[in-house]
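Read through the structure below, which is laid out as structure tokens, and then see the notes.
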Amino acid sequence: PFGVSRSKAFLVIRGIGERLGREPIPNTLKKDKTRPLYSSELAPHILRVERASQLAEDYGFDVFSLNQFFGWKPKRSSMAEKYASMGWKGLARAMGVEV
């Protein structure tokens with residue numbers, strides 16, 4: 034819809050992260066929880082997670098609203114359910130941040 038392929042979007046976002054340098058991204062952890070994510074590792078997924086979490090926590094978006102906003106197709110176990118149900122504290126804990 035935006036005239037940019039997924040791979041091009043990834044490259045643009047990763048390039049922005051690399052220009053920012055190797056700065057830790059606040060309140061993030063790698064999946065193995067050994068260290069924070071660095072700006073040089075910035076990817077579309079991180080931005081999508083942050084936005085979905087904000088919409089659920091700050092604006093009360095439910096599963097239906099998140100699906101519509103992101104264009105996700107409803108599934109039995111959806112990402113929208115995860116973001117809508119955990120709230121910001123649950124998501125922060127999942128990222129290893131003490132709340």
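In my numbering, the protein residues as written are 34 to 132. Built from N, CA and C at the ideal position, the CB exists for glycine as well. All values reported here derive from a predicted model rather than from experimental measurement.
**OP:** Please go through the same chain and pick out, in chain order, the residues whose beta-carbon is closer than 7 Å to the beta-carbon of Ala76, but skip the five residues on each side of it.
**Re:** The answer, listed in chain order, is Phe43, Ile46 and Arg47.
**OP:** Helix, strand or coil for Pro107, going by three-state DSSP, please let me know.
**Re:** In the structure shown, Pro107 sits in coil (DSSP, three-state: anything other than H, G, I, E or B).
Subject >> Buried/exposed call for Leu80, threshold 16 Cβ in 10 Å >> reply: Answer is exposed; the Cβ neighbour count stays below 16.
Subject >> Separation of Gly36 from Val82, as counted between CA atoms >> reply: If you take the alpha carbons of Val82 and Gly36, they lie about 22 Å apart.
Original post:
When DSSP labels each residue in this structure, what does Pro57 get in the three-state scheme?
Top reply: Looking at Pro57 - three-state DSSP - the assignment turns out to be strand.
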